[in-house]
Amino acid sequence: MTTQLPPGMHIETVDEKIMTLNVGPQHPGSGHMRLIIKVDGDYIVSCDPDPGYVHRGEEKMAEYRNYIQNIPHLERPVIHDSSNILYPYCLGVEELLGIEVPERAKYIRVIAAELNRCIYILYWLAIYGIFLGHSTMFMWPAGDRELFIDLLEAMSGARVTHAYLVPGGVRNDLPSNFEERCLRQVAYFEKRLREYEAIFYQNPLLKARTEGSGILSRTDAIRLGTTGSVLRASGVDFDVRKKEPYDVYENLDFQTIVMKEGDSYARSRIPYLEMFESCRIIKDALKKMPKSGSVRTKLKPNPKGGNDEVYRRVESGRGAIGYYIVSNNRPEPYRVKISVGSFRNLICMPYLLKGEKLGNMPAVYWGLNYWPVEADR
Amino acid sequence: MSSGTDKDVEVKDTAEEHSTNSENTKPDSMSKDEAKKFYEEKGLDLSPDVPVKPKPIPAFEKSLADKVSSKFGDKISVDYVRADRIRVTAKRENIVDVAKFIRDELKYDHAESVSGVDYPDSSEIEVIYHLGSYTDEKLGRQIFALATRVPREDVPNPGSDSTRTPSLRDVFYSVEFHERECFEMFGVYFEGHPDMRRLLLPEDWADIPPFRKDFKIKGR
Numbered sequence: 001m002t003t004q005l006p007p008g009m010h011i012e013t014v015d016e017k018i019m020t021l022n023v024g025p026q027h028p029g030s031g032h033m034r035l036i037i038k039v040d041g042d043y044i045v046s047c048d049p050d051p052g053y054v055h056r057g058e059e060k061m062a063e064y065r066n067y068i069q070n071i072p073h074l075e076r077p078v079i080h081d082s083s084n085i086l087y088p089y090c091l092g093v094e095e096l097l098g099i100e101v102p103e104r105a106k107y108i109r110v111i112a113a114e115l116n117r118c119i120y121i122l123y124w125l126a127i128y129g130i131f132l133g134h135s136t137m138f139m140w141p142a143g144d145r146e147l148f149i150d151l152l153e154a155m156s157g158a159r160v161t162h163a164y165l166v167p168g169g170v171r172n173d174l175p176s177n178f179e180e181r182c183l184r185q186v187a188y189f190e191k192r193l194r195e196y197e198a199i200f201y202q203n204p205l206l207k208a209r210t211e212g213s214g215i216l217s218r219t220d221a222i223r224l225g226t227t228g229s230v231l232r233a234s235g236v237d238f239d240v241r242k243k244e245p246y247d248v249y250e251n252l253d254f255q256t257i258v259m260k261e262g263d264s265y266a267r268s269r270i271p272y273l274e275m276f277e278s279c280r281i282i283k284d285a286l287k288k289m290p291k292s293g294s295v296r297t298k299l300k301p302n303p304k305g306g307n308d309e310v311y312r313r314v315e316s317g318r319g320a321i322g323y324y325i326v327s328n329n330r331p332e333p334y335r336v337k338i339s340v341g342s343f344r345n346l347i348c349m350p351y352l353l354k355g356e357k358l359g360n361m362p363a364v365y366w367g368l369n370y371w372p373v374e375a376d377r
Numbered sequence: 001m002s003s004g005t006d007k008d009v010e011v012k013d014t015a016e017e018h019s020t021n022s023e024n025t026k027p028d029s030m031s032k033d034e035a036k037k038f039y040e041e042k043g044l045d046l047s048p049d050v051p052v053k054p055k056p057i058p059a060f061e062k063s064l065a066d067k068v069s070s071k072f073g074d075k076i077s078v079d080y081v082r083a084d085r086i087r088v089t090a091k092r093e094n095i096v097d098v099a100k101f102i103r104d105e106l107k108y109d110h111a112e113s114v115s116g117v118d119y120p121d122s123s124e125i126e127v128i129y130h131l132g133s134y135t136d137e138k139l140g141r142q143i144f145a146l147a148t149r150v151p152r153e154d155v156p157n158p159g160s161d162s163t164r165t166p167s168l169r170d171v172f173y174s175v176e177f178h179e180r181e182c183f184e185m186f187g188v189y190f191e192g193h194p195d196m197r198r199l200l201l202p203e204d205w206a207d208i209p210p211f212r213k214d215f216k217i218k219g220r
């Protein structure tokens, strides 16, 4: 019997030795996505990632709203890192509309972005810990996250979805005692971070599960177009904040963390070490920031973008986020494409999981610093 | 817009009227002084759009674009050369050759994003690859946008109609999932792609590709 199948559908032949497992989309080990995994005994033979369960059409929605109305919904793909996902949008719209950002606003944006990066990494670290059976590593980061959430709440008024960065600057100025409060909390946090090292990263059980598993070579990391911590764990020194500095990053003192191993352990360690760098950036930015001045260039009502297009990118907690915005002389963008780190790193999942033991799947999967909601957009 | 009769406004959809804000926008035919008066009468603190000054073309980016245009000549067109950004449009017959040249001679090594842009007025869909480089230090800031245009059909039948272009997956491996997304969202079939299945959409999606302009969001 031959059946005409629609394009994109196929019939699978079944091998008796191979078993197919659907990991997800409800299973907490895979996030809101499905991994179609084929196992031979305990070993993974192949893996086919099936994202899309949380696809919300952010790019389509953006075509129906004007440049200001787009701010709150574009941060939804990753609410824990909302400043970083709005950052390239703001840079792009500023370039389209020809807006100059006040100097003080640039520093405040960098501080918000780095605080948000820490919030995201701590959230990810908590999940990473609990899926490796380390419940202390769930409690500690989840608790320490509150420090930064409180700071961003003081800045923006909202705990999670800040919508703090806007084209032209930031929505409002810092509260009066912010600098002192921020320095105090960052100093406390740096002390806490060193405790993570002993209890988690030097833990022999964690090392036994993650060292040498899911190795991604430097050549493959480049060929597959990975980004963020996955790329830097494979020995490629690439960080958008260093390579294409936006706003005031070129004036600030920090370094890129690169490791050569390319295994799950290196991928989990890089975001942790980057939090120290984020703390350095925050302290440096507070020192160099102009102490007063405007924080927002007001746009005129319903600004139009001209017949132009722009591609801007920043470094987020999960890698580079790029916005491709096409405008056609209308108050709404004609097309917005968001290229996110999670989607770009998705491609290496089949490579890394092949040949791994099934029990090691969470260690490799969460080590990718992958956020399904962001990948689907 | 300049005639601005009441009839026109009535016919307009309410959402449309709100978004264009046609009352507060000056007609294009007005002179500078008239426009100023127009804004003052409306009580709006608006100045007419300032014409953008042309920026100088950066030398390094120019040299990269020249390499491509001297190799391919009329087969491609250089759309713009700006600081850190180059955009080149190639015909779909040549796009694989152009991409190979960009990879081998200019040392771009991965794709950051593959976007489709739907142009129903000219019956075309644009596919645009944003390429970057990890290996070449000098190209760290650069993004090379390589675009091509494919015909668009009013009644799409993804996979079986003329909306197709050669895949760049053999040139830039990293486009694999991006092209799959472009296929399901715009109905552009990438010939030679080894795994042209849907990625984000459900398997039983029976409507037109959702990112095309004629797919409307309900209530908008």
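Keeping their order, the protein sequence lines are chains Z and S.
Under this note's numbering, the first residue of the first sequence carries the number 1, and numbering increases by one thereafter.
Under this note's numbering, the first residue of the second sequence carries the number 1, and numbering increases by one thereafter.
Every residue, glycine too, gets a C-beta built ideally from N, C-alpha and C.
With distances taken between CA atoms, Z:L125 lies nearest to Z:Y370 out of Z:N345, Z:Y370, Z:R377.
Taking 7 angstroms as the upper bound on Cβ-Cβ separation, chain S lies near residues I222, R223, L224, G225 of the stretch 210–229 of chain Z.
Secondary structure note for S:H178: its alpha helix (DSSP H) is the uninterrupted segment 176–186.
For the C-beta of S:L201, the chain Z residues within less than 8 angstroms are, from N- to C-terminus, G52, H55.
In this structure the stretch 108–120 of chain S touches the stretch 130–138 of chain S; the number of beta carbon pairs closer than 8 angstroms is three or more. For S:M196, the secondary structure class from DSSP, reduced to helix, strand or coil, is coil. In the DSSP secondary-structure assignment, Z:E309 is bridged to Z:V326. Annotation: the continuous alpha helix (DSSP H) that includes Z:H73 extends over 70–74. In the displayed model, S:P166 falls within a strand according to three-state DSSP.
Sequence-distant Cβ neighbours of Z:Y246 in its own chain, meaning closer than 7 angstroms and more than five residues away, are L91, V314. When the alpha-carbon of Z:I281 is set against those of Z:D50, Z:V45, Z:I108, Z:P88, the nearest one is in Z:I108.
Under DSSP, the beta-bridge partners assigned to S:P151 are S:E124.
Separation of the CB atoms of S:V98 and S:A90 is rounded to 5 angstroms, and the pair is thereby assigned contact status at 8 angstroms. In the DSSP assignment, no residue is bridged to Z:G31.
What S:D109 touches in chain Z, judged by beta-carbon distance under 9 angstroms, is I222, R223, G225, going in chain order. The Cβ atoms of Z:R377 and Z:R56 sit closer than 8 angstroms to each other.
Spatial neighbours of Z:E59 in its own chain (CB-CB distance under 8 angstroms, excluding positions within 5 residues in sequence) are listed in chain order as R335, V336, K337, I338, R377.
Taken atom to atom, the span from the alpha-carbon of Z:Y324 to that of Z:D308 is near 11 angstroms.
Contact note: S:P210 reaches chain Z through G57, K60, using a C-beta cutoff of 9 angstroms and chain order.
For Z:R269, the closest C-alpha among the options Z:S278, Z:M259, Z:E277 is that of Z:M259. Taking a cut-off of 8 angstroms for Cβ pairs, the stretch 284–291 of chain Z and the stretch 63–74 of chain Z do not touch, as fewer than three such pairs fall below it. The alpha-carbon of Z:M349 is positioned some 31 angstroms away from that of Z:I71. Using beta-carbon distances, Z:V326 counts as an interface residue toward chain S, with a partner under 8 angstroms. Residue environment for Z:Y196: buried (at least 16 other C-beta atoms within 10 angstroms of its C-beta). Rounded to whole angstroms, the gap between the alpha carbons of S:L131 and Z:I111 is 29 angstroms. If you draw a straight line from the Cα of S:V114 to the Cα of S:R169, it is about 11 angstroms long.
A straight line joining the alpha-carbon of Z:L353 with that of Z:P102 spans about 47 angstroms. In the assembly as shown, Z:R312 is a buried residue. Its beta-carbon has 16 or more other beta-carbons within 10 Å. If you draw a 10 Å sphere on the C-beta of S:E181, you find 16 or more other C-beta atoms in it, and that means buried. With contacts defined as CB atoms closer than 8 angstroms, Z:I119 and Z:R145 qualify as a contacting pair.
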